[in-house]
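Numbering (the numbering used here), first residue to last: 8 to 354.
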């Protein structure tokens with residue numbers, strides 16, 4: 008019995024061991040099978056996902072999300088916002104005082120070559136006539152004054168004659184110049200002052216001239232420079248406009264313009280400089296439509312391009328002798344290259 012029992016136990020133990028071994032083996036097989044299935048799924052998943060519509064939709068959604076998350080990125084070329092302009096170049100250095108003086112004097116030399124015949128554009132034969140003509144030129148053209156003064160000078164040749172004149176007769180003579188009542192008062196006042204205070208002679212000093220009725224520094228320098236040979240700058244509308252356009256000064260007050268520009272040149276140049284600048288302003292460098300394309304000093308002008316730059320079109324803007332038309336004087340100097348102006352009523 009004991010032997011049988013022992014044998015049975017041995018058999019049972021072997022069976023138990025066999026069962027355990029089988030279970031262990033089955034577990035190992037199952038584990039291996041699970042590992043193989045996992046790998047297979049891992050391999051198959053991307054292949055299937057890559058080709059499905061759902062995967063494509065997911066990819067598109069991912070891209071859209073990326074765009075929303077990064078608004079700073081540029082849009083496609085067809086819908087992109089206008090590109091920002093390139094940063095402005097550095098501003099040019101301010102012109103030094105030395106450079107300004109050199110450029111200003113070179114412009115003066117160039118103008119001297121272009122207008123060697125520059126002169127006062129008022130007809131006169133003596134200081135008294137020049138003084139009256141300059142006063143009458145306010146708010147009108149030198150041409151109109153030159154067409155008007157022959158009759159005035161013929162009837163009242165001296166300060167004494169004009170001081171004793173009938174104001175109404177004087178008004179009628181100078182009516183074409185405009186503002187004839189105010190101008191009559193001025194020139195008759197000048198004549199009276201010359202007669203009573205200066206012995207009937209026009210004084211040759213600035214401090215005396217500016218004491219006369221209606222005479223300021225501009226008028227005084229016209230007379231001093233052209234009748235007495237005393238240097239002076241004539242800061243009229245043309246002169247002030249051009250020197251500001253050329254950046255010689257930013258001043259607008261005539262006295263300040265005179266001081267600023269006068270400091271750029273020797274005194275000996277002042278009178279002729281005035282004539283050249285005024286000539287250029289009347290003939291080429293006009294206020295509204297400067298003829299830039301026909302300007303001899305264009306390379307030196309900081310305002311080049313404000314006017315017509317086409318050479319052929321610019322030529323059509325030239326005036327007086329530069330444009331083939333009569334000048335402003337009925338009796339121009341012998342070296343004047345243009346035609347004399349016609350008398351009053353013959354235009």
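Quick reminder that beta carbons are idealized off the backbone N, C-alpha and C, glycines included.
Secondary structure at residue 253, three-state DSSP: helix, strand or coil? coil
What ranges does the alpha helix (DSSP H) occupy inside the region 290-327, keeping only unbroken runs of at least 4 residues that lie completely in it? 318-322
The region 225-235 / the region 147-165 touching (three or more Cβ pairs under 8 Å): no
Tell me the start and end of each unbroken alpha helix (DSSP H) in the region 205-280 that is at least 4 residues and wholly inside, in chain order. 213-216, 224-234, 244-252, 261-269
How many Å lie between residue 257 and residue 136 at the Cα? 34 Å
Need the endpoints of the alpha helix (DSSP H) that residue 150 sits in, please. 149-162
Test item: CB-CB of residue 254 and residue 309 under 7 Å: yes
Please return the same chain residues whose Cβ sits closer than 6 Å to the Cβ of residue 334, not counting the five positions on each side in sequence. 327, 328, 345, 348
When we look at the beta-carbon of residue 146 and count the other beta-carbons within 10 Å, is it buried (16 or more) or exposed? exposed
Please report how far the alpha carbon of residue 179 lies from the alpha carbon of residue 290, in whole angstroms. 31 Å
Check whether residue 285 and residue 246 have beta carbons under 7 Å apart: yes
Residue 190 - DSSP class collapsed to helix/strand/coil: helix
Would you grab the beta carbon distance between residue 315 and residue 296 for me? Rounded to a whole angstrom, and I think it's under 8 Å. 6 Å
When the Cα of residue 358 is compared with those of 101, 99, 100, 115, which residue comes out closest? It is not possible to answer for residue 358, since the shown part of the chain is limited to 8 through 354.
Return the CA-CA distance between residue 215 and residue 313, expressed in angstroms with no decimal places. 42 Å
Cβ-Cβ distance between residue 143 and residue 184 below 7 Å: yes
Alpha-carbon spacing of residue 168 relative to residue 188, whole angstroms: 18 Å
For residue 177, name the three-state secondary structure that DSSP assigns. helix
Beta-carbon separation of residue 241 and residue 250 under 7 Å? no
State the DSSP-derived secondary structure class of residue 140, mapped to helix, strand or coil. helix
Pairwise C-alpha distance: residue 129 and residue 219: 20 Å
I need the boundaries of the alpha helix (DSSP H) containing residue 104, first residue and last residue. 104-121
What number of angstroms, rounded off, separates the C-alpha of residue 248 from the C-alpha of residue 200? 33 Å
Expected contact under 8 Å - CB spacing of residue 138 and residue 209 to nearest Å: 6 Å
Buried or exposed for residue 244, going by 16 or more other Cβ atoms inside 10 Å? exposed
In terms of residues, what are the limits of the alpha helix (DSSP H) holding residue 99? Element bounds for residue 99: n/a, residue is neither H nor E.
With respect to the alpha helix (DSSP H) encompassing residue 350, which residues constitute its N-terminal and C-terminal limits? Where residue 350 is concerned, there is no enclosing alpha helix (DSSP H), given that its DSSP letter is neither H nor E.
Please tell me whether residue 283 and residue 122 are closer than 7 Å, where the distance is taken between their beta carbons. yes
DSSP-derived helix/strand/coil call for residue 169: helix
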